[in-house]
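Numbering (my numbering), first residue to last: 180 to 420. Heads up, the beta-carbon is just placed ideally off N, CA and C, and yes, glycines get one too. The structure appears right after this line, and notes come after that.
Below, the structure written as structure tokens:
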């Protein structure tokens, strides 16, 4: 990701509607916190990691970008390590829970290797949540700005777990209610020839808050129902005992 984007992410992470909605979805889909050891792969600037620590999880963050690690460490959460998701510096069965948000699409990541490594460090019976951008036809200027090279549908995301010792607990899309609006925006923001710019920018409050509350409503439904279409896609898996 372009270095400047980490500054934008750090500034917007607690307020931008779609980042807040993603954080809410993660909290809705994880087990109730009771001190579980949780690893966040690709912790970015630490907004979600900080929220999960406050909720009661024992968190560890990991990111390959030194800028991301610096911002996360400044939030006084942790430990936060700099390492590649393709080569995790942890012993097998080290964590009860694992989250991986918007990492599988990054160009430097091998998705199959990352999934295998993530499951290696997850204990038997532990749960992992993987979320990424959906539908390659929605590839936009934002994707290029954050070094994303791929977007998967649910079938493609599930295929990364072929042969792995897991059972699927959930498989869903996100941003169903706002899908037409968000898809249209992405289709009109295809990558150009110049420097790309991500969507990580604050909206005016009169736009930002209604969009968040629409997403909040969707996240309540997500507790019970998998959504059929959206601009992000996720799975929750349980590692076999």
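Give me the residue from the options with the minimum Cα distance to residue i.
i, options, result
"residue 210", "350, 235 and 405", "235"
"residue 301", "329, 272, 345 and 370", "272"
"residue 176", "365, 207 and 282", "Beyond the ends of the chain as shown, which are 180 and 420, falls residue 176; an answer cannot be given."
"residue 420", "382, 344 and 244", "344"
"residue 403", "350, 282 and 239", "350"
"residue 254", "282, 238, 269 and 268", "238"
"residue 214", "368, 190, 269 and 276", "276"
"residue 409", "261, 339 and 311", "311"
"residue 341", "393, 190, 290 and 256", "290"
"residue 268", "315, 218 and 287", "218"
"residue 247", "257, 261 and 256", "261"
"residue 317", "287, 367 and 270", "367"
"residue 355", "401, 369 and 384", "401"
Helix, strand or coil for residue i? Go by DSSP, reduced to three states.
i, result
"residue 382", "coil"
"residue 211", "coil"
"residue 281", "coil"
"residue 236", "coil"
"residue 310", "strand"
"residue 327", "strand"
"residue 389", "helix"
"residue 192", "coil"
"residue 298", "helix"
"residue 404", "coil"
"residue 128", "Residue 128 is absent from the model: the chain starts at 180 and stops at 420."
"residue 409", "coil"
Taking the Cβ atom as the reference point for each residue, do residue i and residue j lie within a distance shorter than 8 Å?
i, j, result
"residue 308", "residue 412", "no"
"residue 224", "residue 263", "no"
"residue 406", "residue 204", "no"
"residue 266", "residue 415", "no"
"residue 192", "residue 226", "yes"
"residue 274", "residue 323", "no"
"residue 332", "residue 362", "no"
"residue 187", "residue 377", "yes"
"residue 230", "residue 202", "yes"
"residue 339", "residue 393", "no"
"residue 282", "residue 220", "yes"
"residue 299", "residue 315", "no"
"residue 391", "residue 200", "yes"
Could you tell me how far apart the beta carbons of residue i and residue j are, in whole angstroms, since I believe they sit closer than 8 Å?
i, j, result
"residue 327", "residue 284", "4 Å"
"residue 222", "residue 241", "6 Å"
"residue 360", "residue 417", "With a Cβ gap of about 34 Å, residue 360 and residue 417 do not count as contacting."
"residue 398", "residue 233", "With a Cβ gap of about 18 Å, residue 398 and residue 233 do not count as contacting."
Mind listing, in chain order, the continuous beta strand (DSSP E) runs of no fewer than 3 residues lying wholly within the region 339-374?
345-353
Could you name each continuous beta strand (DSSP E) segment of 3 residues or more that falls completely within the region 242-293, going from the start of the chain to the end?
259-261 and 274-280
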